[in-house]
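Throughout, the working numbering is defined as the position within the sequence shown, counted from one, plus 31.
Report on the following structure.
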Amino acid sequence: MQLTLEGARFDVLDEGTGPAIVLLHGFPLSKETWDAQAAALQPHARVIRFDFRGLGTSGVTPGPYLMESLAGDVAGVLDALEIERAVIAGHSLGGYVAFAFYRMFAERCLGLGAVCTRASADEPAAAAAREELATLAEAQGIGPVAAAFLPRYFAPRVYAESPAQVARARAIIERTDPRGAAAMLRGMAARVSSEDLLAEIDVPACVIAGREDAIVPVAEARALAAALPNAAFELLDCGHFALFESPDGVSRELLDLVARASAAISSARP
(Lines of atoms letter the chains of each structure in order from A and count residues from 1; the text may use other names and numbers.)
(Lines give C-alpha, C1' and ligand atoms only; values in the text may rest on other atoms or scores of the structure.)
Protein backbone atom coordinates (compact mmCIF):
# COMPACT_ATOMS: atom_id res chain seq x y z
CA MET A 1 0.00 0.00 0.00
CA GLN A 2 0.99 3.62 -0.42
CA LEU A 3 0.97 5.97 2.56
CA THR A 4 1.68 9.69 2.50
CA LEU A 5 2.95 11.10 5.78
CA GLU A 6 3.78 14.77 6.11
CA GLY A 7 4.38 15.06 2.38
CA ALA A 8 6.50 11.92 2.07
CA ARG A 9 5.25 8.88 0.14
CA PHE A 10 5.97 5.42 1.58
CA ASP A 11 5.59 1.98 0.07
CA VAL A 12 4.35 -0.28 2.89
CA LEU A 13 3.69 -4.03 3.25
CA ASP A 14 1.36 -5.24 6.03
CA GLU A 15 1.16 -9.04 6.19
CA GLY A 16 0.11 -11.71 8.69
CA THR A 17 -1.70 -11.52 12.00
CA GLY A 18 -0.64 -11.50 15.63
CA PRO A 19 1.74 -9.29 17.60
CA ALA A 20 3.23 -6.65 15.32
CA ILE A 21 6.87 -6.61 14.26
CA VAL A 22 8.42 -3.90 12.11
CA LEU A 23 11.36 -4.95 9.92
CA LEU A 24 13.66 -2.04 9.02
CA HIS A 25 16.04 -2.53 6.11
CA GLY A 26 19.67 -1.56 5.58
CA PHE A 27 21.43 0.87 3.25
CA PRO A 28 21.09 1.38 0.33
CA LEU A 29 18.52 -1.39 0.24
CA SER A 30 14.77 -1.94 0.49
CA LYS A 31 12.07 -3.86 2.31
CA GLU A 32 12.46 -6.83 -0.06
CA THR A 33 15.67 -7.80 1.71
CA TRP A 34 13.43 -9.15 4.48
CA ASP A 35 11.37 -11.44 2.20
CA ALA A 36 12.55 -14.72 3.76
CA GLN A 37 12.07 -13.51 7.32
CA ALA A 38 8.66 -12.00 6.56
CA ALA A 39 7.47 -15.33 5.13
CA ALA A 40 8.65 -17.17 8.26
CA LEU A 41 7.11 -14.64 10.64
CA GLN A 42 3.70 -14.15 8.99
CA PRO A 43 2.04 -17.26 10.50
CA HIS A 44 2.93 -15.95 13.96
CA ALA A 45 2.99 -12.16 13.72
CA ARG A 46 1.74 -9.11 11.87
CA VAL A 47 4.77 -8.14 9.80
CA ILE A 48 5.21 -4.51 8.77
CA ARG A 49 7.81 -3.49 6.19
CA PHE A 50 8.34 -0.25 4.34
CA ASP A 51 11.03 1.47 2.34
CA PHE A 52 12.74 4.32 4.14
CA ARG A 53 12.26 7.71 2.53
CA GLY A 54 14.62 8.12 -0.40
CA LEU A 55 15.25 4.37 -0.70
CA GLY A 56 13.45 1.54 -2.47
CA THR A 57 10.22 2.77 -4.00
CA SER A 58 9.42 5.37 -1.34
CA GLY A 59 9.61 9.01 -2.33
CA VAL A 60 12.69 11.19 -2.18
CA THR A 61 12.45 14.24 0.06
CA PRO A 62 15.07 16.85 0.94
CA GLY A 63 17.78 15.59 3.30
CA PRO A 64 19.72 14.88 5.33
CA TYR A 65 17.64 12.00 6.70
CA LEU A 66 18.36 12.10 10.41
CA MET A 67 17.75 8.90 12.36
CA GLU A 68 15.22 10.75 14.51
CA SER A 69 13.23 11.71 11.41
CA LEU A 70 13.27 8.11 10.22
CA ALA A 71 12.12 6.93 13.65
CA GLY A 72 9.27 9.43 13.34
CA ASP A 73 8.39 7.82 10.01
CA VAL A 74 8.17 4.43 11.73
CA ALA A 75 5.79 5.90 14.30
CA GLY A 76 3.77 7.51 11.51
CA VAL A 77 3.40 4.20 9.68
CA LEU A 78 2.30 2.49 12.90
CA ASP A 79 -0.23 5.25 13.50
CA ALA A 80 -1.62 4.92 9.98
CA LEU A 81 -2.01 1.17 10.51
CA GLU A 82 -3.56 1.72 13.96
CA ILE A 83 -0.81 -0.26 15.70
CA GLU A 84 -0.04 1.01 19.18
CA ARG A 85 3.00 -1.13 20.03
CA ALA A 86 5.37 -3.36 18.07
CA VAL A 87 8.63 -5.24 18.13
CA ILE A 88 11.15 -3.17 16.16
CA ALA A 89 13.94 -5.01 14.33
CA GLY A 90 16.55 -3.41 12.12
CA HIS A 91 19.37 -4.56 9.87
CA SER A 92 22.41 -2.26 9.72
CA LEU A 93 20.91 1.21 9.03
CA GLY A 94 17.61 -0.19 10.29
CA GLY A 95 19.27 -0.87 13.63
CA TYR A 96 20.31 2.78 13.94
CA VAL A 97 16.68 3.73 13.40
CA ALA A 98 15.46 1.10 15.86
CA PHE A 99 17.60 2.61 18.61
CA ALA A 100 16.37 6.11 17.71
CA PHE A 101 12.79 4.81 17.83
CA TYR A 102 13.31 3.45 21.33
CA ARG A 103 14.77 6.74 22.52
CA MET A 104 11.76 8.64 21.20
CA PHE A 105 8.94 6.11 21.63
CA ALA A 106 10.02 3.61 24.28
CA GLU A 107 6.43 3.04 25.36
CA ARG A 108 5.59 1.75 21.87
CA CYS A 109 8.45 -0.75 21.68
CA LEU A 110 7.61 -4.34 22.68
CA GLY A 111 11.03 -5.69 21.77
CA LEU A 112 14.18 -4.74 19.90
CA GLY A 113 16.09 -6.70 17.26
CA ALA A 114 19.58 -5.61 16.16
CA VAL A 115 20.89 -7.44 13.08
CA CYS A 116 24.48 -6.74 12.04
CA THR A 117 24.33 -3.22 13.42
CA ARG A 118 25.90 -1.00 16.06
CA ALA A 119 24.86 1.53 18.68
CA SER A 120 27.88 3.82 18.35
CA ALA A 121 28.10 6.93 16.18
CA ASP A 122 30.52 7.26 13.27
CA GLU A 123 34.11 8.11 14.01
CA PRO A 124 35.11 11.41 12.33
CA ALA A 125 36.89 9.63 9.47
CA ALA A 126 33.88 7.42 8.76
CA ALA A 127 31.53 10.40 8.82
CA ALA A 128 33.80 12.27 6.40
CA ALA A 129 33.85 9.25 4.09
CA ARG A 130 30.05 9.18 4.05
CA GLU A 131 29.94 12.87 3.15
CA GLU A 132 32.42 12.31 0.33
CA LEU A 133 30.40 9.37 -0.97
CA ALA A 134 27.19 11.43 -0.81
CA THR A 135 28.82 14.09 -2.98
CA LEU A 136 29.96 11.44 -5.45
CA ALA A 137 26.46 9.97 -5.64
CA GLU A 138 25.00 13.36 -6.45
CA ALA A 139 27.58 13.92 -9.18
CA GLN A 140 27.96 10.44 -10.65
CA GLY A 141 24.86 8.44 -9.71
CA ILE A 142 24.49 5.33 -7.57
CA GLY A 143 27.56 3.56 -9.01
CA PRO A 144 30.09 4.81 -6.41
CA VAL A 145 27.72 3.78 -3.60
CA ALA A 146 27.42 0.24 -4.97
CA ALA A 147 31.19 0.07 -5.35
CA ALA A 148 31.69 1.19 -1.75
CA PHE A 149 29.20 -1.16 -0.09
CA LEU A 150 28.66 -4.30 -2.15
CA PRO A 151 32.21 -5.72 -1.74
CA ARG A 152 31.82 -5.57 2.05
CA TYR A 153 28.31 -7.01 2.37
CA PHE A 154 28.96 -10.73 2.15
CA ALA A 155 31.37 -13.28 3.56
CA PRO A 156 34.23 -13.70 1.06
CA ARG A 157 33.15 -17.16 -0.08
CA VAL A 158 29.68 -15.91 -1.08
CA TYR A 159 31.01 -13.87 -4.01
CA ALA A 160 32.26 -17.06 -5.65
CA GLU A 161 29.79 -19.64 -4.37
CA SER A 162 26.50 -17.70 -4.42
CA PRO A 163 26.69 -15.05 -7.14
CA ALA A 164 22.89 -14.93 -7.30
CA GLN A 165 22.78 -13.43 -3.79
CA VAL A 166 25.30 -10.79 -4.78
CA ALA A 167 23.42 -10.05 -8.00
CA ARG A 168 20.16 -9.66 -6.10
CA ALA A 169 21.74 -7.18 -3.71
CA ARG A 170 23.34 -5.31 -6.59
CA ALA A 171 20.00 -4.99 -8.38
CA ILE A 172 18.38 -3.49 -5.28
CA ILE A 173 21.23 -1.02 -4.84
CA GLU A 174 21.24 0.03 -8.48
CA ARG A 175 17.53 0.89 -8.33
CA THR A 176 18.22 3.40 -5.55
CA ASP A 177 17.78 7.08 -6.36
CA PRO A 178 21.21 8.69 -5.81
CA ARG A 179 19.55 11.73 -4.26
CA GLY A 180 17.98 9.55 -1.58
CA ALA A 181 21.23 7.67 -1.06
CA ALA A 182 23.12 10.95 -0.56
CA ALA A 183 20.56 12.24 1.92
CA MET A 184 20.73 8.97 3.87
CA LEU A 185 24.52 8.94 3.92
CA ARG A 186 24.55 12.42 5.42
CA GLY A 187 21.95 11.41 8.00
CA MET A 188 23.97 8.37 9.04
CA ALA A 189 27.10 10.50 9.32
CA ALA A 190 25.29 12.91 11.64
CA ARG A 191 23.71 10.29 13.90
CA VAL A 192 24.35 10.39 17.63
CA SER A 193 25.50 7.42 19.66
CA SER A 194 22.84 5.25 21.27
CA GLU A 195 25.29 3.74 23.76
CA ASP A 196 23.94 5.90 26.59
CA LEU A 197 20.52 4.36 26.00
CA LEU A 198 21.40 0.67 26.15
CA ALA A 199 21.11 0.09 29.90
CA GLU A 200 17.57 1.49 29.79
CA ILE A 201 16.33 -0.89 27.08
CA ASP A 202 14.66 -3.46 29.32
CA VAL A 203 12.35 -4.99 26.70
CA PRO A 204 13.24 -8.38 25.20
CA ALA A 205 16.03 -7.90 22.67
CA CYS A 206 18.22 -9.92 20.37
CA VAL A 207 21.54 -9.14 18.75
CA ILE A 208 22.43 -11.11 15.63
CA ALA A 209 26.01 -10.97 14.35
CA GLY A 210 27.86 -12.35 11.35
CA ARG A 211 31.06 -14.28 12.03
CA GLU A 212 32.61 -12.74 8.89
CA ASP A 213 30.95 -9.32 9.03
CA ALA A 214 33.37 -6.81 7.48
CA ILE A 215 31.40 -3.82 8.80
CA VAL A 216 30.43 -4.69 12.39
CA PRO A 217 33.09 -6.78 14.19
CA VAL A 218 31.89 -9.71 16.27
CA ALA A 219 33.46 -8.23 19.42
CA GLU A 220 31.40 -5.06 18.98
CA ALA A 221 28.20 -7.07 18.52
CA ARG A 222 28.94 -9.12 21.65
CA ALA A 223 29.52 -5.92 23.63
CA LEU A 224 26.22 -4.55 22.36
CA ALA A 225 24.36 -7.66 23.53
CA ALA A 226 26.12 -7.54 26.90
CA ALA A 227 25.06 -3.92 27.40
CA LEU A 228 21.37 -4.69 26.85
CA PRO A 229 19.66 -5.97 30.02
CA ASN A 230 17.44 -8.55 28.31
CA ALA A 231 19.23 -9.54 25.11
CA ALA A 232 19.92 -12.87 23.46
CA PHE A 233 23.02 -13.09 21.27
CA GLU A 234 23.37 -15.22 18.15
CA LEU A 235 26.47 -15.56 15.98
CA LEU A 236 25.74 -16.79 12.46
CA ASP A 237 28.17 -18.07 9.83
CA CYS A 238 27.78 -15.15 7.46
CA GLY A 239 28.94 -11.67 6.62
CA HIS A 240 27.05 -8.40 7.02
CA PHE A 241 24.09 -9.48 4.88
CA ALA A 242 22.71 -12.06 7.30
CA LEU A 243 19.21 -11.69 5.83
CA PHE A 244 20.38 -13.31 2.58
CA GLU A 245 23.28 -15.45 3.80
CA SER A 246 21.63 -17.03 6.88
CA PRO A 247 17.91 -16.43 6.35
CA ASP A 248 16.74 -19.30 8.55
CA GLY A 249 19.00 -18.27 11.42
CA VAL A 250 17.71 -14.70 11.37
CA SER A 251 14.10 -15.90 11.13
CA ARG A 252 14.58 -18.26 14.07
CA GLU A 253 15.94 -15.51 16.31
CA LEU A 254 13.18 -13.06 15.35
CA LEU A 255 10.49 -15.67 15.99
CA ASP A 256 12.01 -16.20 19.42
CA LEU A 257 12.07 -12.44 20.00
CA VAL A 258 8.38 -12.13 19.12
CA ALA A 259 7.57 -15.03 21.45
CA ARG A 260 9.56 -13.47 24.30
CA ALA A 261 7.93 -10.09 23.76
CA SER A 262 4.48 -11.67 23.75
CA ALA A 263 5.25 -13.57 26.94
CA ALA A 264 6.44 -10.37 28.60
CA ILE A 265 3.16 -8.67 27.74
CA SER A 266 1.15 -11.57 29.14
CA SER A 267 3.11 -11.67 32.40
CA ALA A 268 2.66 -7.92 32.86
CA ARG A 269 -1.13 -8.12 32.66
CA PRO A 270 -2.98 -8.07 36.00
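The C-beta atom is built at its ideal place from N, Cα and C for all residues, glycine as well.
CB of residue i within 7 Å of CB of residue j, strictly
i, j, result
"residue 259", "residue 239", "no"
"residue 124", "residue 57", "yes"
"residue 98", "residue 128", "yes"
"residue 235", "residue 90", "no"
"residue 204", "residue 178", "no"
"residue 81", "residue 130", "no"
"residue 213", "residue 254", "no"
"residue 289", "residue 68", "no"
"residue 101", "residue 83", "yes"
"residue 273", "residue 146", "yes"
"residue 51", "residue 119", "no"
"residue 162", "residue 220", "yes"
"residue 148", "residue 173", "no"
"residue 45", "residue 112", "yes"
"residue 267", "residue 144", "no"
Nearest candidate by alpha-carbon position, reference residue i, set the options
i, options, result
"residue 192", "48, 61, 42 and 269", "269"
"residue 160", "68, 62 and 216", "216"
"residue 87", "271, 284 and 210", "210"
"residue 96", "122, 165 and 150", "165"
"residue 247", "262, 280, 281 and 271", "271"
"residue 122", "108, 194, 103 and 184", "184"
"residue 302", "84, 139 and 182", "Nothing about residue 302 can be read from this structure; the chain reaches only from 32 to 301."
"residue 150", "190, 126 and 287", "126"
"residue 241", "186, 140 and 226", "186"
"residue 65", "293, 296, 276 and 287", "276"
"residue 200", "38, 104 and 62", "62"
"residue 70", "198, 117, 279 and 189", "279"
"residue 228", "35, 134, 287 and 156", "134"
"residue 262", "287, 36 and 202", "287"
Sequence-distant residues of its chain with Cβ nearer than 6 Å to residue i (five each side left out)
i, result
"residue 136", "106"
"residue 47", "73, 76, 77 and 78"
"residue 264", "238 and 256"
"residue 291", "235"
For residue i, three-class secondary structure by DSSP
i, result
"residue 292", "helix"
"residue 110", "helix"
"residue 259", "coil"
"residue 83", "coil"
"residue 46", "strand"
"residue 76", "coil"
"residue 166", "helix"
"residue 197", "helix"
"residue 274", "helix"
"residue 186", "coil"
"residue 161", "helix"
"residue 303", "Past the boundaries of the shown model lies residue 303; the chain is included only from 32 to 301, so the question cannot be answered."
"residue 138", "helix"
"residue 204", "helix"
"residue 94", "coil"
"residue 18", "Outside the displayed span of the chain (32 to 301) sits residue 18, for which this structure offers no information."
"residue 172", "coil"
"residue 99", "helix"
"residue 89", "coil"
"residue 209", "helix"
"residue 250", "helix"
"residue 61", "coil"
"residue 115", "coil"
"residue 214", "helix"
"residue 131", "helix"
Residues bridged to residue i (per DSSP)
i, result
"residue 266", "240"
"residue 41", "34"
"residue 144", "120 and 237"
"residue 54", "80 and 120"
Nonlocal neighbours in the same chain, by C-beta distance under 7 Å from residue i, ignoring five residues either side
i, result
"residue 223", "152"
"residue 175", "164, 167 and 168"
Own chain partners of residue i with C-beta closer than 8 Å, once the 5 adjacent residues on each side are dropped
i, result
"residue 33", "40, 41, 42 and 43"
"residue 180", "58, 59 and 204"
CB contact check: residue i to chain D, cutoff 7 Å
i, result
"residue 240", "Among the chains of the structure shown, chain D does not appear; only one protein chain is present."
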